[in-house]
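Residue 232 in numbering that gives the first Met the number 0 sits at position 233 of the sequence shown, and the numbers go up by one each step. For every residue, glycine included, the Cβ atom is placed at its ideal position computed from N, Cα and C. Being a predicted model, the structure only gives us computed values, none of them experimental. Working notes, beginning with the structure itself.
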Amino acid sequence: MMVLPALLVMLLFIYFPFFQGIIISFREWNGYSPHFKWVGPAKYIRLFSDRHFLRVMTNTLIYGLGSTFLQNIMGLALALYFNRETPGNRVMRTIIYLPAIISPLIMGYVWRFLFRFDGGALNDLTGLFGFAAVDWLADGDRAVWIITLVNSFQYVGVSMVLYLAGLKTIGREFYEAAEIDGAGRGRRFLSITLPFLINSITVSLVINIIGGLKLFDIIYSLTGGGPGYQSASISTMTREVFFVRQDAGYAAAMGNVMFLMILVITLAVLQYLRKKEVEL
Numbered sequence: 000m001m002v003l004p005a006l007l008v009m010l011l012f013i014y015f016p017f018f019q020g021i022i023i024s025f026r027e028w029n030g031y032s033p034h035f036k037w038v039g040p041a042k043y044i045r046l047f048s049d050r051h052f053l054r055v056m057t058n059t060l061i062y063g064l065g066s067t068f069l070q071n072i073m074g075l076a077l078a079l080y081f082n083r084e085t086p087g088n089r090v091m092r093t094i095i096y097l098p099a100i101i102s103p104l105i106m107g108y109v110w111r112f113l114f115r116f117d118g119g120a121l122n123d124l125t126g127l128f129g130f131a132a133v134d135w136l137a138d139g140d141r142a143v144w145i146i147t148l149v150n151s152f153q154y155v156g157v158s159m160v161l162y163l164a165g166l167k168t169i170g171r172e173f174y175e176a177a178e179i180d181g182a183g184r185g186r187r188f189l190s191i192t193l194p195f196l197i198n199s200i201t202v203s204l205v206i207n208i209i210g211g212l213k214l215f216d217i218i219y220s221l222t223g224g225g226p227g228y229q230s231a232s233i234s235t236m237t238r239e240v241f242f243v244r245q246d247a248g249y250a251a252a253m254g255n256v257m258f259l260m261i262l263v264i265t266l267a268v269l270q271y272l273r274k275k276e277v278e279l
């Protein structure tokens, strides 16, 4: 009885819309009309022959996996550096974490002022050294990596905090014993730090992968997914298909494919890392 209210909320706002989305993906429907036509798997067949969607799916994987790689490498490096009580460390940890509590939409607009062609801070800075202005976000490939870097910068603090928490659980006696045995810094890191951080790595990777693959806000505010669909993710293309093209069935099919992509990648990572977890 205690769990029932939460279960009802989940059924109403999560599971019911999820199964409705599956049903809608088999319909020809504009999202508003009471009339629709059953078209079977036509939307999915169209999806994987749509060159725009194939580009968008590649972008989504870059946002998800690229951001995850950068956030975890930088987060672990920062955690190792700040895992000591020295003057100013707590302030620096707070400053690094602060971007994570800012709205991604606002963060995207802030970075847009940096990268825009006309009056952008980066072009103003390079102009002082005689370089010509560059439209940083006009090239799709470059825009994808800029978005990946911006997303990584915003959430690197989350990974840092997770790794700091993991480092605090490792007893000094392990390192002292390794030093007595003659283990160098690199060997201590590989044989003690990394194995004991597997739990933190698992949590950080899963959070980063899910967030990166669902990325919407930063893309929307930085490029809007443009030029064309060159920097779009599945999330931004789904919005455009539903609200602009008014093709609810096609948008639902995209959402379902994104869900399966996140599910498969996340489960694969969990399955791999759980085998390596160390009981503390």
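Boundaries of the alpha helix (DSSP H) harbouring tryptophan 110: 103-114, taken from the DSSP string. For alanine 76, the closest alpha carbon among the candidates Glu175, Leu104, Met159, Ile191 is that of Met159.
Take valine 149, set aside five residues on each side of it, and the residues of its chain with a beta-carbon closer than 6 Å to its own are Trp110, Ile217, in chain order. Spatial neighbours of isoleucine 23 in its own chain (CB-CB distance under 7 Å, excluding positions within 5 residues in sequence) are listed in chain order as Ala247, Gly248, Ala251. Threonine 201 places its beta carbon 9 Å or farther from that of leucine 166.
DSSP places lysine 167 within a helical segment (H, G or I) once states are collapsed to three. Here threonine 222 is buried: its Cβ has 16 or more other Cβ atoms, across all protein chains shown, within 10 Å. The continuous alpha helix (DSSP H) containing lysine 42 extends over residues 41-46. For histidine 34, there is no enclosing alpha helix (DSSP H), as DSSP marks it with neither H nor E.
For arginine 92, the three-state secondary structure derived from DSSP is helix. Per DSSP, reduced to three states, the secondary structure at glutamate 84 is coil, with no helix or strand assignment. Exclusion of the five residues before and after asparagine 71 leaves Ser158, Ser203 as the residues of its chain whose Cβ lies within less than 6 Å of its Cβ. Straight across, the Cα-Cα distance linking valine 240 with methionine 0 is about 41 Å.
Distance between phenylalanine 112 and leucine 196, taken at the CA atoms: about 38 Å. If the five residues before and after serine 190 are omitted, its C-beta is found closer than 8 Å to the C-beta atoms of Ala177, Ala182, all from its own chain and listed in chain order. The C-beta distance from glycine 224 to glycine 63 rounds to 16 Å, too long to meet the 8 Å contact threshold.
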